[in-house]
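Asks: Have a look at this one before I ask anything.
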Amino acid sequence: HRDTLSALGLRYQHSVVQDDNPAIRGMIFQVSHLVEVEEVEE
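In the working numbering, the protein residues as written are 33 to 74.
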């Protein structure tokens, strides 16, 4: 899961904004037990 977190640009206590697409959603699903996800309007 470390590689997935790195691919998402996440590090300990950091936040990132990602595009909403199937690839990103799949990566988030893989690490959903490690991260908190919320949708934002841009």
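Where a beta carbon is used, it is the ideal one built from N, C-alpha and C, also for glycine.
Do Ile-60 and Val-49 come within 8 Å of each other at the CB atom, strictly closer than that value?
Replies: For Val-49 and Ile-60, no; Cβs fall outside 8 Å.
Asks: Using only CA atoms, which one of Leu-40, His-33, Asp-35 and Arg-34 lies nearest to Asn-53?
Replies: Taking only the C-alpha atoms, the option nearest Asn-53 is Leu-40.
Asks: Quick one, are the C-beta atoms of Val-69 and Thr-36 less than 8 Å apart?
Replies: For Val-69 and Thr-36, no; Cβs fall outside 8 Å.
Asks: With DSSP run on the structure shown, which of helix, strand or coil describes Gly-58?
Replies: Three-state result, Gly-58: helix.
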